[in-house]
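Taking it in order: structure first as structure tokens, then the write-up.
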Amino acid sequence: MKKLFNLANIGFLLLLLLEIIPSRRNDTGPFFLLVLVVSIQVLYLLILAVSGDDDKRTAAGDITAIIYALIFSWELFTTKLDILDQMLFPAPGIIVSLFITDLPVLLKGFADSMELLLAGYLLALAFAIPLALVIGWRKRLYNAVNPLTKVLGPIPPIVYIPYAIGLLPTFMISSIFIIFVGAFWPIFINTLNGVFNIEKRIIDSAKALNVSEKTMLFEIILPGALPAIISGSTIGLVLAFILLTAAEMIGATSGLGWYVKYFSDFADYSRVIVGIIFIGMVVTAITYVFNKIEVYLLRWRN
């Protein structure tokens with residue numbers, strides 16, 4: 004009985020009761036809101052049924068309760084009380100309805116954005132990691148390059164956008180370049196410091212065994228620097244996505260950033276909110292996958 008009266012289930016019941024209250028707005032989307040709320044509740048109950056980890060079940064309940072609280076407040080102050088501006092704060096049911104209607108456009112934008120993101124980000128990984136491994140392994144090179152990273156690294160990559168668009172032949176190449184620059188520095192700097200800070204006794208032990216340079220780099224230094232590489236790659240991924248969205252808002256004809264900018268120009272704030280929510284979902288999904296990869300690659304630490 005105690006498990007039934009948790010915050011998530013109470014929030015679900017409160018949302019259902021809220022729909023009984025007469026609306027002050029001409030609400031065209033109560034059905035879609037109910038579909039959303041019921042879908043969230045079904046997903047939550049499914050997690051409870053499948054997961055045997057009490058911590059995960061508690062976290063799922065807390066997250067669900069927070070989502071319900073946000074939806075409840077949104078519905079109350081828009082549809083029911085009509086306190087917030089109708090243009091800037093459309094009812095949540097309308098957002099769900101538009102989300103379903105525009106899903107094909109959003110998915111196409113997602114595909115276009117991921118094409119640019121992956122190209123720029125993978126290029127950054129391919130250049131930054133090997134370069135940092137070689138430089139970080141040689142003290143003289145490290146001492147020469149490290150001061151430069153302190154000057155060039157902090158420059159916000161977004162300042163390069165006008166030059167990239169003006170100098171490079173296509174918007175696609177410009178976007179890939181901006182994403183590459185944004186992701187390169189955190190990956191490079193973290194890898195560089197990770198290599199340089201590997202415990203000296205590990206390096207000395209490998210040297211005592213007279214291992215080859217290739218073995219030293221890829222079997223000693225690379226695993227030792229892997230936590231720093233993963234950390235830098237995570238920061239680089241977040242920066243890459245921010246820069247991607249910013250670049251799309253300036254010169255793109257498709258993509259998630261373009262979707263938000265296009266409809267904001269027409270003051271269609273309902274679709275702007277749809278785009279923001281979808282971008283948040285994409286970032287959450289990418290971060291989740293990246294965290295799983297991190298756990299797998301660093302499983303030896305446990």
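What the sequence shown shows, in the numbering used here, is residues 4 to 305, in sequence order.
Yeah, the Cβ is synthetic: ideal placement off N, Cα and C, and Gly gets one too.
For Leu128 against Ser236, the beta-carbon gap comes to about 7 angstroms, under 8 angstroms, which counts as contact.
In this structure, Gly139 lies away from Leu220, with their beta-carbon atoms at least 7 angstroms apart.
If you check the CB distance, Gly55 and Asn9 do not come in under 7 angstroms. Using a Cβ distance threshold of 7 angstroms, Gly258 and Ser116 count as a contacting pair.
Secondary structure note for Ala114: its alpha helix (DSSP H) is the uninterrupted segment Leu106 to Trp140. In the DSSP assignment, Leu171 falls outside any alpha helix (DSSP H), carrying neither H nor E. When the alpha-carbon of Pro226 is set against those of Leu300, Thr61, Ile69 and Leu125, the nearest one is in Leu300. Nearest neighbour of Ala131 by Cα position, chosen from Val40, Asn213, Pro189 and Gly283, turns out to be Pro189. Assignment of Val198 by DSSP, reduced to helix, strand and coil, places it in the helix class. In the DSSP annotation of this structure, Ala94 is not part of any alpha helix (DSSP H), being labelled neither H nor E. Closest in alpha carbon position to Ile205, among Asn193, Ala186, Ala228 and Phe187, is Ala228. The segment 249-265 makes contact with the segment 163-181: 3 or more CB pairs, one atom from each, lie closer than 8 angstroms.
Secondary structure at Arg143: helix, using DSSP grouped into helix, strand and coil.
Inclusion of Leu36 and Pro93 in the CB contact set at 7 angstroms is not warranted, their separation being larger than that value. If you compare the alpha carbons of Gly254, Arg60, Tyr265 and Val184 with that of Ile168, the shortest gap goes to Gly254. Each residue's CA atom was taken as its position, placing Thr81 and Phe244 some 31 angstroms apart. Pairing Tyr163 with Ile181 gives a Cβ-Cβ distance under 7 angstroms. When the beta-carbon positions are compared, Leu246 and Gly185 come within less than 7 angstroms of each other. By the 16-neighbour rule on beta-carbons within 10 angstroms, Leu119 is buried. Met90 carries a coil assignment under DSSP once its states are collapsed to helix, strand and coil. Collapsing the DSSP output to three states places Ser234 in a helix.
If you draw a straight line from the Cα of Pro107 to the Cα of Glu216, it comes to about 51 angstroms. Taking the C-beta atoms as reference points, Gly239 is found no nearer than 7 angstroms to Tyr262. Secondary structure of Ser54 (DSSP, three-state): coil. Short of 8 angstroms from the beta carbon of Met90, and not among the five residues preceding or following it, lie these beta carbons of its own chain, in chain order: Ala270 and Tyr272.
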